[in-house]
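Take 4 as the starting number for the sequence shown in the working numbering and just add one per residue.
Glycine included, every Cβ here is placed at the ideal spot set by N, Cα and C.
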Amino acid sequence: MAGEIEENAEPEWLKNLPIRSEEIGFAPEELVPCPNCGRANDPNRKTCLYCGAPAPGAEYQPEIRKVEEWENGFNLVLIDAAEADVEKAADTIVEIASGDKEFFRSAFESGRRIPIMRTASSDESHFVSEKLREVGIETSVVDDASLKTASPPTRLRSINFEDERVRLGLFNRDETFPIAYDSIVVIVIGSIIEQRNESVERRKMKSSKTLNEAETSSDELVIDIYSSHDPLGWRIPSTGFDFSCLGAEKSLLVADNMKTLIGKLVALASRAKLIDDYSKVQSLIEVIWPSDVKRDSNILGFRQKDLSTVLTTSNALQFTKYSRMQWRLLYEEKV
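Structure (structure tokens):
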């Protein structure tokens, strides 16, 4: 028995081996106390593990998270990228806040005033803005609240051109609103696109069968007008608008009438800034401000085996944000 114990005993050299060949972590004297909560942190941390405060001597970098659509966010809007190294700028913003590098590259190359990021706080947006300025990108921060999307633009049914002003006729109201041509500061051209998909399915125990499916779409050209003191704006739609103001220039085609109307507005409101690039940048805007999708379902039939589903996609809110953002940017330039 004694021989077996001796035979199974650990060799002497194994007894003297250290448990680990190198120290893991940092020694107590190497830890750095947090200036906010006082707890010890690893010296290579940029923020406190416990309270999130910046470490001593570390550059502050907020944690940038994705903002839900229902949250009030802060939009980082591209202003100028003409002097920037686009590749370096795209790498910079991806390193700070992640995201799709190809999207940022395309946005910077477009040179248009479009949203490129939406953050949860003003501090986050301004932090990214400062980092982009270091690589030649100029941006501005526009918060969701300032766009007042809960209040739609005032729809117009007619306008009347006068010597020094234009008189706006409000839709479904026997009212007109006069605006001096010099007071019109922004004219935004865009389209309201709506796609509607309707389907009916018959449901069985383990499967379903599509009985009917139809898809329709509409594309309506609109003109938004803003005065110097009105951030909500007035909207001229293609449908339901009286083009009598065009006189002899009035055409049988709505598209021609809208084009003529835009020309007259721009000529008379010579101080106004014309924004007509929405259709060119809509795919980029979609990344930050996606179109609204609404789904409605109803059970049909006596036996309630059929399910009707209507899926509607609309960019109406997206365009309103884009349109009002232009007024907001112009307002900030003047203050």
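For residue i, count neighbouring Cβ atoms within 10 angstroms of its own Cβ and tell me buried if that reaches 16, exposed if not.
| i | result |
| --- | --- |
| Asp245 | exposed |
| Ala5 | Unreliable placement is indicated for Ala5, whose pLDDT of 49 sits below 50; the coordinate value is still reported in the next sentence. Its Cβ having fewer than 16 others within 10 Å, Ala5 is exposed. |
| Leu268 | buried |
| Thr142 | buried |
| Gly304 | exposed |
| Gly193 | buried |
| Trp330 | buried |
| Asn78 | buried |
| Asn215 | exposed |
| Pro155 | exposed |
| Ala272 | buried |
| Glu72 | exposed |
| Phe322 | buried |
| Glu127 | buried |
| Leu255 | exposed |
Whose C-alpha, out of the options, is nearest the C-alpha of residue i?
| i | options | result |
| --- | --- | --- |
| Val145 | Glu252, Met328 and Arg68 | Met328 |
| Ile265 | Val290, Glu289, Leu224 and Pro293 | Leu224 |
| Ser282 | Arg274, Lys253, Phe29 and Arg115 | Arg115 |
| Asn39 | Tyr53, Ile182, Glu127 and Asn260 | Tyr53 |
| Glu98 | Gln64, Ile196, Ser300 and Cys248 | Gln64 |
| Asn301 | Glu197, Leu271 and Ser202 | Ser202 |
| Ile82 | Met120, Leu34, Phe174 and Lys253 | Met120 |
| Pro314 | Cys248, Ser231, Arg199 and Thr213 | Before going on, a small fix: residue 314 reads as Leu here, not Pro. Ranking the options by Cα distance to Leu314, first place goes to Arg199. |
| Gln285 | Ile196, Ala270 and Pro31 | Ile196 |
| Gly236 | Ala270, Leu173, Val80 and Ser254 | Leu173 |
| Gly243 | Asn260, Val35 and Pro234 | Asn260 |
| Val70 | Lys104, Val35 and Ser125 | Ser125 |
Mind checking whether residue i and residue j have CB atoms under 7 Å apart?
| i | j | result |
| --- | --- | --- |
| Gln188 | Ile278 | Note that residue 188 is Val in the sequence shown here, rather than Gln. Not closer than 7 Å, so no. |
| Arg205 | Asp309 | yes |
| Asn75 | Ala153 | no |
| Ala2 | Phe111 | Outside the displayed range of the chain (4 to 338) lies residue 2, so it cannot be described from this structure. |
| Thr316 | Val296 | yes |
| Lys49 | Ala43 | no |
| Thr179 | Lys134 | no |
| Asp166 | Arg274 | no |
| Arg168 | Ala183 | yes |
| Ala87 | Ile140 | yes |
| Ile162 | Cys248 | yes |
Where do the N-terminal and C-terminal ends of the beta strand (DSSP E) with residue i fall, by residue?
| i | result |
| --- | --- |
| Tyr281 | Counting along the chain, Tyr281 falls outside any beta strand (DSSP E), though it belongs to the alpha helix (DSSP H) covering Tyr281 to Ile291. |
| Phe106 | Note, Phe106: premise wrong, no beta strand (DSSP E); alpha helix (DSSP H) at Lys104 to Ser113. |
| Phe130 | No beta strand (DSSP E) holds Phe130; the alpha helix (DSSP H) holding it covers Ser125 to Arg136. |
| Val296 | Asp295 to Leu303 |
| Val339 | Because the chain here runs from 4 to 338, residue 339 falls outside it and cannot be looked at. |
| Ser161 | Thr157 to Phe164 |
| Ser210 | Looking at the DSSP string, Ser210 is not in any beta strand (DSSP E), and its letter there is neither H nor E. |
| Ser311 | Asp309 to Ser317 |
| Pro181 | Thr179 to Ala183 |
| Thr345 | Examination of residue 345 is not possible in this model, given that the chain is present from 4 through 338 alone. |
| Leu171 | Arg168 to Leu173 |
| Thr50 | Note, Thr50: premise wrong, no beta strand (DSSP E); not H, not E. |
| Arg121 | Pro118 to Thr122 |
Do you know offhand how far residue i's Cα is from residue j's?
| i | j | result |
| --- | --- | --- |
| Ile228 | Ser221 | 22 Å |
| Ser241 | Val257 | 7 Å |
| Glu218 | Ala319 | 19 Å |
| Ser326 | Ala251 | 30 Å |
| Gly55 | Glu66 | 10 Å |
| Ile288 | Ile117 | 7 Å |
| Lys324 | Pro46 | 45 Å |
| Leu159 | Trp292 | 26 Å |
| Cys37 | Gly60 | 11 Å |
| Gly84 | Arg176 | The sequence shown places Ala at residue 84, not Gly. Roughly 45 Å between the two C-alpha positions. |
| Gly132 | Ala123 | First, the amino acid is wrong: residue 132 is Ser here, not Gly. Spanning the two alpha carbons is a distance of roughly 14 Å. |
| Arg136 | Glu90 | 14 Å |
| Ser231 | Val80 | 21 Å |
| Lys276 | Glu335 | 14 Å |
| Gly102 | Val290 | 10 Å |
| Gly3 | Leu333 | The requested residue 3 is not part of the displayed model; the chain covers only 4 to 338. |
| Ser109 | Asp280 | 15 Å |
Report yes or no: is there a C-beta of chain B within less than 7 Å of the C-beta of residue i?
| i | result |
| --- | --- |
| Glu216 | Checking the listed chains, one finds no chain B in this structure; it contains a single protein chain. |
First and last residue of the alpha helix (DSSP H) that includes residue i?
| i | result |
| --- | --- |
| Ala272 | No alpha helix (DSSP H) holds Ala272; DSSP gives it neither H nor E. |
| Asp94 | Val89 to Ala100 |
| Asp147 | Asp147 to Leu150 |
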